[in-house]
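**Q**
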Amino acid sequence: MHSVSADHVVLATFIFVGVFFVIATLSASHLLARSKHDEAKLSTYECGSEPVGPPWVQFRVGYYVYALLFVVFDIETVFLYPWAAAFGQMGIFIVVEMFVFIGILAAGLAYAWKEGALRWR
Amino acid sequence: MSPVLSAVLKFFAALGIMLVNGVVMIYMLRKVLGHLHIRLGPMHVGWKGTMQTLMDVLKLLTKEDVTPRAVDRWLFRIAPAVVFVPSLMAYAALPFSNTWRIVDLDTGLLYTFAVLSLVPIGILMAGWASANKWSLLGGMRAAAQQIAYEVPLLLSVLPVVLVAGTMNLGGIVEAQQGYWLGFIPGWFALNPLMWPTLLVFMIAGLVEINQTPFDMSEGESEIVAGFATEYSAMKFGLLFLSEFSNQFIMSALGVTLFFGGWTLPWIPAEMNHAFGPVIFIAKAYIGIAVMMWIRGTFPRVRIDQLMELGWKRLIPVSLVLIMLTGLFVKVVG
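Those protein sequence lines, which keep their order, are chains A and B.
Numbering follows the numbering used here, in which position 30 of the first sequence is assigned residue number 51; successive positions increment by one, without gaps.
Numbering follows the numbering used here, in which position 5 of the second sequence is assigned residue number -10; successive positions increment by one, without gaps.
1) For a quick check, are the C-beta atoms of residue 77/B and residue 35/A less than 8 Å apart?
2) For residue 179/B versus residue 144/B, is the C-beta distance shorter than 8 Å?
3) Whole angstroms are fine: how far does the CA of residue 74/B sit from the CA of residue 189/B?
4) With 8 Å set as the bound, which would you pick, yes or no: does the beta-carbon of residue 66/A sit closer than that to a beta-carbon of chain B?
5) Using beta-carbon positions only, say whether residue 103/A and residue 121/B come within less than 8 Å of one another.
6) Just tell me which of 127/B, 45/B and 226/B has its CA closest to the CA of residue 65/B.
7) Any C-beta of chain B within less than 8 Å: which residues of the region 51 to 66 of chain A qualify?
8) Would DSSP call residue 86/B helix, strand or coil?
9) Cβ atoms of residue 109/B and residue 133/B: under 8 Å apart, would you say?
10) Classify residue 89/A: buried if its beta carbon has 16 or more other beta carbons within 10 angstroms, exposed otherwise.
11) Please report how far the alpha carbon of residue 13/B lies from the alpha carbon of residue 265/B, in whole angstroms.
12) Looking at the C-beta of residue 302/B, does it have a partner C-beta in chain A at a distance below 8 Å?
13) Let's test the definition: count the other Cβ atoms within 10 Å of the Cβ of residue 84/B and tell me whether it reaches 16, buried, or not, exposed.
14) Which residues bound the alpha helix (DSSP H) around residue 141/B?
15) Name, please, each residue of chain B whose Cβ falls closer than 8 Å to the Cβ of residue 121/A.
16) Using the beta-carbon count (16 or more within 10 Å), is residue 232/B buried or exposed?
17) Ignore the nearest five residues each way along the sequence and tell me which others in residue 236/B's own chain have a CB closer than 6 Å to its CB.
18) Who are residue 80/B's beta bridge partners in DSSP?
19) With a 10 Å radius around its C-beta and 16 neighbouring C-beta atoms as the bar for buried, classify residue 59/A as buried or exposed.
20) Enumerate in chain order the residues of its own chain whose CB-to-CB distance from residue 7/B is below 7 Å, with the five nearest sequence positions on each side excluded.
21) Taking a cut of 7 Å between CB atoms, which residues from the region 35 to 51 of chain A lie near chain B?
22) Please confirm whether residue 132/A has its beta-carbon closer than 8 Å to some beta-carbon of chain B.
23) Helix, strand or coil for residue 169/B? Go by DSSP, reduced to three states.
24) Helix, strand or coil for residue 22/A? Go by DSSP, reduced to three states.
25) Using a cut-off of 8 Å between C-beta atoms, extract the partners of residue 125/A located in chain B.
26) Report the option in 293/B, 105/B, 290/B and 186/B whose CA atom is closest to the CA atom of residue 307/B.
27) Could you tell me which chain B residues have their CB closer than 7 Å to the CB of residue 113/A, listed as they occur along the chain?
28) Which residues mark the beginning and the end of the alpha helix (DSSP H) in which residue 48/B is found?
29) Output needed in chain order: residues of the region 155 to 169 of chain B with a Cβ under 7 Å from some Cβ in chain A.
30) Using the C-alpha atoms, what's the distance from residue 117/A back to residue 11/B?
31) Output needed for residue 169/B: all residues of its chain with C-beta closer than 7 Å, excluding positions within five of it in sequence on either side, in chain order.
32) Please return the same chain residues whose Cβ sits closer than 8 Å to the Cβ of residue 18/B, not counting the five positions on each side in sequence.
33) Within this structure, are the beta carbons of residue 133/A and residue 139/A separated by less than 8 Å?
34) Specify, as a first and last residue, the run of the alpha helix (DSSP H) that residue 315/B falls within.
35) List, in order along the chain, the chain E residues whose C-beta lies closer than 7 Å to that of residue 181/B?
36) So the alpha helix (DSSP H) residue 97/B belongs to, where does it begin and stop?
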């Protein structure tokens, strides 16, 4: 049994020292680089044209349908992982059970497909 | 050694691998693309241009860091960290050999996918914060791609987990030891039943790391540089370092899942143990070379085609593959 807590310390270190490394790199670049700003340099780059309208526009509702579908399927996929890992130790029953689960998933996908939620416009 | 000190040392080991990967892969990409285009690639700095990327890193470090006036300042600064840190964390679970592992997680596979899927959030953040229409389009494309292909990618790996019976990346490599018919290595890539799975994994993996022909989030011929348009100097450097590093991670995952990880067939186990990391990295670089070959060969696909391929083809196909593999394992194995 390996120590779980030691692994978690490593992962936490990765997050904190990683953020620190980013800050250090950007600061180093800030110190090394000379900076001379002017109006043109600080303007938004849209191939030389003046930007027309605000950049932060609203997106089509289609994106949110996709996002909802994604959340549902992603979570169901994560449920499949423990099943797959424990697969070898269980009887034939586990196969039947998972066929039912995947069947429900496929039915949901077929429904979304039929309703046109999968069409990218 | 105290756990924190050893954790910090492991961090710098991973960081070292990541930085070296970045420098080597950028040089390699230029050379490979160059020769695919029948030109030489970088030739002037150092022998055959080998020092070129090192000089480029120095250049990026001393470049002026321009923050355009219109951007959302905080998001604009945070985004490179949100892209960089998860892609560094993805090195943690990779099994470089039977003993060379930063952490040995029983959920290693799921962990790696989880941290990799944080990267598009940073890309979306960068695109949104830039206050630039090109960037916003790039960021939204990255989010849409991620949404469409995370599911097929996760599903495509399930048959491997089914056969290996573990999510531990090291365990998956162990499951590929031994031979079929006495001489064919037990790699999943050599099992005809796994070929469709491998194909789905390759497509979904390329999309997930925004590689050509699926790099619509960058799409330099249509939206300038996509999410990175307004980034300059080291912020740009970090964004691209993590892009290259994700390419390595995906290739290394493919090697682990399908191509026997750190092992080579027909040589004694002690040799595998001794040269594990070298074999592993060499195999990962073969995968990267294939990705670069694809990059130099295929045109970019259209976003609507990409989305339909993901939801309407790859997901149903991988669901069927999971059921078939499950049945096969229970009936035959």
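Glycine included, each C-beta is placed from N, C-alpha and C at the ideal position.
The structure presented is a predicted model; accordingly, all values stated were derived computationally and were not measured.
**A** Walking through what the data contain:
1) The criterion of a C-beta distance shorter than 8 Å is satisfied by residue 77/B and residue 35/A.
2) With contacts defined by Cβ atoms closer than 8 Å, residue 179/B and residue 144/B form a contacting pair.
3) Those two C-alpha atoms are separated by around 21 Å.
4) Chain B contact via Cβ: present.
5) Inclusion of residue 103/A and residue 121/B in the CB contact set at 8 Å is not warranted, their separation being larger than that value.
6) For residue 65/B, the nearest C-alpha among the options comes from 226/B.
7) Considering only beta carbons, the part of the region 51 to 66 of chain A lying closer than 8 Å to chain B consists of 51, 53, 54, 55, 56, 57, 58, 62, 63, 64, 65 and 66, in chain order.
8) If DSSP states are grouped into helix, strand and coil, residue 86/B belongs with the strands.
9) Not closer than 8 Å, so no.
10) Taking a 10 Å sphere around the C-beta of residue 89/A, we find fewer than 16 other C-beta atoms and assign the residue as exposed.
11) Those two C-alpha atoms are separated by around 18 Å.
12) It does not; no Cβ of chain A falls within 8 Å.
13) The residue in question, residue 84/B, is exposed, as its Cβ has fewer than 16 Cβ neighbours within 10 Å.
14) Per DSSP, residue 141/B is one residue of the alpha helix (DSSP H) stretching across 118 to 149.
15) Simply none; closest approach about 11 Å.
16) Counting Cβ neighbours within 10 Å, residue 232/B comes out buried, since at least 16 surround it.
17) Cβ within range, chain order: 269, 272 and 273.
18) DSSP output for residue 80/B lists 86/B as bridge partner(s).
19) Classification of residue 59/A: exposed, given that the 10 Å Cβ count is below 16.
20) Cβ within range, chain order: 226, 229 and 230.
21) Of all residues in the region 35 to 51 of chain A, 35, 36, 38, 39, 40, 42, 43, 46, 47, 49, 50 and 51 have a Cβ within less than 7 Å of some Cβ in chain B.
22) Answer no: the Cβ-Cβ gap between residue 132/A and chain B never drops below 8 Å.
23) Reduced to three states, the DSSP call for residue 169/B is strand.
24) Residue confidence for residue 22/A is low, a pLDDT of 43 falling below 50, so the modelled location carries little weight and cannot support an answer.
25) The contacting residues do not exist; residue 125/A stays about 11 Å from chain B at best.
26) Comparing Cα-Cα distances from residue 307/B to each of 293/B, 105/B, 290/B and 186/B, the minimum goes to 186/B.
27) Neighbours of residue 113/A in chain B, taken as residues whose beta carbon is under 7 Å from its own, are 315 in chain order.
28) It is not in any alpha helix (DSSP H) - residue 48/B carries neither H nor E in the DSSP assignment.
29) Residues of the region 155 to 169 of chain B that bring their beta carbon within less than 7 Å of a beta carbon in chain A are absent altogether.
30) Per the coordinates, the alpha-carbon of residue 11/B lies some 49 Å from the alpha-carbon of residue 117/A.
31) Listed in chain order, the non-local C-beta contacts of residue 169/B below 7 Å within the same chain comprise 175, local neighbours out to five positions each way being set aside.
32) Taking residue 18/B as the centre and dropping the five residues before and after it, the same chain places the C-beta of 26, 277, 280 and 281 closer than 8 Å to its C-beta, in chain order.
33) The Cβ atoms of residue 133/A and residue 139/A lie closer than 8 Å to each other.
34) Per DSSP, the continuous alpha helix (DSSP H) segment holding residue 315/B begins and ends at 300 to 316.
35) Checking the listed chains, one finds no chain E in this structure; the protein chains it contains are A and B.
36) Here the alpha helix (DSSP H) through residue 97/B covers 93 to 101.
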